Amino acid sequence: MTGAAAGQRDLDAASAQPLHPAAREVFLAALDRGYADPRRLHRAGREARLLLDNAREVTAAALGVRPDEVTFTPSGTHAVHLGLLGLVRGSRRGDVVVHAAVEHSAVRHAVAWGARAEEVPVTGDGRVHGRDLVERAGGPGVGVVALQTANHEVGTVQPVGDLELPDDVPLFTDACASMGRLPLPDGWAAAAGSAHKWGGPAGVGVLLVRKRARWRNPFPGDDRVDERSTGFENVPAVLAAAASLQAVVAERDEVNARQHDLVEVVRRRVAAEVPDVEVVGDPRDRLPHLVTFSCLYVDGEALVTELDRRGLGVASGSACTASTLTPSHVLEAMGVLTHGNVRLSLQRDTTRADVDALCDVLPSIIAEIRSRVGL
Amino acid sequence: MSSHDPALELDCRELPCPMPVIELARHLTDVAVGQLLAVVARDPAAAVDVPAWCRMKGQDYVGADTAADGVPRYVVRRTG
Numbered sequence: 000m001t002g003a004a005a006g007q008r009d010l011d012a013a014s015a016q017p018l019h020p021a022a023r024e025v026f027l028a029a030l031d032r033g034y035a036d037p038r039r040l041h042r043a044g045r046e047a048r049l050l051l052d053n054a055r056e057v058t059a060a061a062l063g064v065r066p067d068e069v070t071f072t073p074s075g076t077h078a079v080h081l082g083l084l085g086l087v088r089g090s091r092r093g094d095v096v097v098h099a100a101v102e103h104s105a106v107r108h109a110v111a112w113g114a115r116a117e118e119v120p121v122t123g124d125g126r127v128h129g130r131d132l133v134e135r136a137g138g139p140g141v142g143v144v145a146l147q148t149a150n151h152e153v154g155t156v157q158p159v160g161d162l163e164l165p166d167d168v169p170l171f172t173d174a175c176a177s178m179g180r181l182p183l184p185d186g187w188a189a190a191a192g193s194a195h196k197w198g199g200p201a202g203v204g205v206l207l208v209r210k211r212a213r214w215r216n217p218f219p220g221d222d223r224v225d226e227r228s229t230g231f232e233n234v235p236a237v238l239a240a241a242a243s244l245q246a247v248v249a250e251r252d253e254v255n256a257r258q259h260d261l262v263e264v265v266r267r268r269v270a271a272e273v274p275d276v277e278v279v280g281d282p283r284d285r286l287p288h289l290v291t292f293s294c295l296y297v298d299g300e301a302l303v304t305e306l307d308r309r310g311l312g313v314a315s316g317s318a319c320t321a322s323t324l325t326p327s328h329v330l331e332a333m334g335v336l337t338h339g340n341v342r343l344s345l346q347r348d349t350t351r352a353d354v355d356a357l358c359d360v361l362p363s364i365i366a367e368i369r370s371r372v373g374l
Numbered sequence: 000m001s002s003h004d005p006a007l008e009l010d011c012r013e014l015p016c017p018m019p020v021i022e023l024a025r026h027l028t029d030v031a032v033g034q035l036l037a038v039v040a041r042d043p044a045a046a047v048d049v050p051a052w053c054r055m056k057g058q059d060y061v062g063a064d065t066a067a068d069g070v071p072r073y074v075v076r077r078t079g
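Protein sequence lines, in the order shown, are assigned to chains A and B. Here numbering that gives the first Met the number 0 is used: position 145 in the first sequence is 144, and no number is missing along the way. Here numbering that gives the first Met the number 0 is used: position 19 in the second sequence is 18, and no number is missing along the way.
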């Protein structure tokens, strides 16, 4: 596989993907051609401006939006903050954000910082009922509704395009988990994406703001080419992100079908071969490349470590994994087991042999970890 | 909830995830079928994982209350 050391299988594409081959040449060429300040009128500046405008046009075409609706940001997180809080600032109705309980922490942190939260619960497979969001949207002081396109931890696709919100309540959609892989839904006023999740470089986010949206910059402005952006544009990275996005969209029918089947293999094998396991998220209406399961009596950190020793890189949303003492708010909101959790997300070149390698070693690893506590 | 009087209460106050659920599994058969078993735990994951364990293992989750010192307590009825 690309990007991983020999004998290693990186099954954590949802955290980051290696640079798409289509982006590598573009990136290297743009390092030389696109270094200058795109606002300057001299030759090098015009060259950088040309590349930046080209990146915007390619991104817009890949996503089916207008070029002037695209802003490049320094991260997906920043695109979420800008998009969501800009709609709050532009709202005439108030600063309450109605959002699903399973939104990414970038949405939750933005709301905690600059708005008031009203959380809407989800079903056991992680999906919000559209009518719950719509009902709450009519409440006093509600300025924005936020709903992710698909969940980043369990893969469940949300009914973004089906929401019939009151006319003056805009929808923000965090599309970071799905951008490039799935077509954007309709109905949003602002949206956010993150390039390293589609095989672009890290440090590039995409903010989309609809032409007629009431959006006001929630942060200090700047004097860049794009009035919504701040700071000196990373033109080579932005262009590489656009090239990767274009390639991912072009190949997604084939890649998605293959990955959907491979995830189905994992879901089936794990449920059949590992005792006391819960495979969660919607089994069908989901991201093609991602699956999450939780194993009873298993320390998530121990499981991640044992799989890594066997050359298999996975993520975990368990509290027992080092960085946090609280369990994943997504698993918590779904009411499913939070410990012993593994999130697997396939790279574009992950094979049947790769997923079989994981499924082959799981039962004995889990049995061994359980035996440490006498279960 | 204070009316519940478990046959056995497990002190898992200082145990990290997933130990409270492991203790629950270890001591389930210490109570008779139909009796209550409680686990007292500060671990925030227990609030989700005890009900999830009950669902997966076919036991009844009775609910949560607090121990005398204010620490969350999760009550389970053994059904089999």
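Glycine included, C-beta positions come from ideal geometry on N, C-alpha and C. Bear in mind that the values here come from a model prediction, so they are computed numbers and not experimental data.
Item	Value
Cβ distance (whole Å) where G204/A is taken to contact H77/A below 8 angstroms	5 angstroms
Own chain, CB closer than 6 angstroms to V49/B, minus 5 neighbours either side, in chain order	Y73
Distance between A116/A and T148/A (C-alpha atoms, nearest Å)	19 angstroms
Which of helix, strand or coil DSSP assigns to V432/A	There is simply no residue 432/A to check, as chain A begins at 0 and stops at 374 in what is shown.
For V96/A, the nearest candidate out of V133/A, G63/A and E68/A (CA to CA)	V133/A
Residues of the stretch 10-35 of chain B whose Cβ lies closer than 9 angstroms to any Cβ of chain A, in chain order	P15, C16, P17, M18, V20, I21, A24 and R25
Within 9 angstroms of chain A by C-beta, residues of the stretch 35-53 of chain B in sequence order	D42, P43, A44, A46, V47, D48, P50, A51 and W52
Below-8 angstroms beta-carbon distance, S317/A vs any chain B residue	yes
Cβ-based contacts, 8 angstroms cut-off: residues of the stretch 321-342 of chain A near chain B	L324, T325, P326, L330, E331, G334, V335, L336, T337, H338 and G339
Integer-rounded CB distance, given that V39/B should sit under 8 angstroms from D10/B	6 angstroms
For M0/B, the three-state DSSP class (helix, strand or coil)	At M0/B the pLDDT is 46, less than 50, meaning the model places this residue with poor confidence; the figure from the coordinates comes in the next sentence. Coil, per DSSP.
Inter-stretch contact (C-beta, 8 angstroms, three-pair minimum) for the stretch 336-355 of chain A and the stretch 287-295 of chain A	yes
Where V64/A sits in the DSSP three-state scheme	coil
Distance, E68/A Cα to A191/A Cα	11 angstroms
Buried or exposed by the 16-neighbour rule on C-beta atoms within 10 Å, applied to G179/A	buried
C-alpha distance - I21/B paired with V156/A, whole-angstrom precision	33 angstroms
Separation of A67/B from A12/A, as counted between CA atoms	46 angstroms
Collapsed DSSP secondary structure at C16/B in the structure displayed	coil
C-alpha distance - S74/A paired with A189/A, whole-angstrom precision	16 angstroms
Cα-Cα separation between A63/B and V279/A, rounded to whole angstroms	24 angstroms
Alpha helix (DSSP H) segment containing V25/A, residue limits	P20 to R32
Residue-chain proximity (L7/B, chain A), Cβ-Cβ < 8 angstroms	no
The stretch 204-216 of chain A / the stretch 84-98 of chain A touching (three or more Cβ pairs under 8 angstroms)	yes
Below-8 angstroms beta-carbon distance, E277/A vs any chain B residue	yes
Interface residues of chain B facing V87/A [CB-CB closer than 8 angstroms]	Within 8 angstroms Cβ-Cβ: nothing; V87/A doesn't reach chain B, min ~29 angstroms.
For D284/A, the nearest candidate out of E331/A, L181/A and V269/A (CA to CA)	L181/A
Every unbroken alpha helix (DSSP H) inside the stretch 266-337 of chain A [4 residues or more]	299-308 and 328-333
Per-residue contacts from V372/A into chain B (C-beta, under 7 angstroms)	I21
Sheet register partners of N340/A (DSSP bridge)	S293/A
Contacts of Y296/A in chain B (Cβ-Cβ under 7 angstroms)	P17, V20, I21 and A24
Below-8 angstroms beta-carbon distance, M0/B vs any chain A residue	Unreliable placement is indicated for M0/B, whose pLDDT of 46 sits below 50; the coordinate value is still reported in the next sentence. Not closer than 8 angstroms to any Cβ of chain A, the Cβ of M0/B fails to qualify, so no.
Nearest-angstrom Cα separation, counted from P71/B out to M0/B	Caution applies to M0/B, whose pLDDT of 46 falls short of 50 and renders its modelled position unreliable; the value that the coordinates give is listed next. Taking the straight line from one Cα to the other gives about 12 angstroms.
Whole-number beta carbon distance between S327/A and G316/A, since they are thought to touch under 8 angstroms	3 angstroms
Element boundaries [beta strand (DSSP E), containing V97/A]	V95 to A99
Cβ pair count under 8 angstroms reaching 3, the stretch 99-109 of chain A against the stretch 245-254 of chain A	no
Neighbourhood of D4/B by C-beta distance below 8 angstroms, restricted to the same chain and skipping five residues each side	L35
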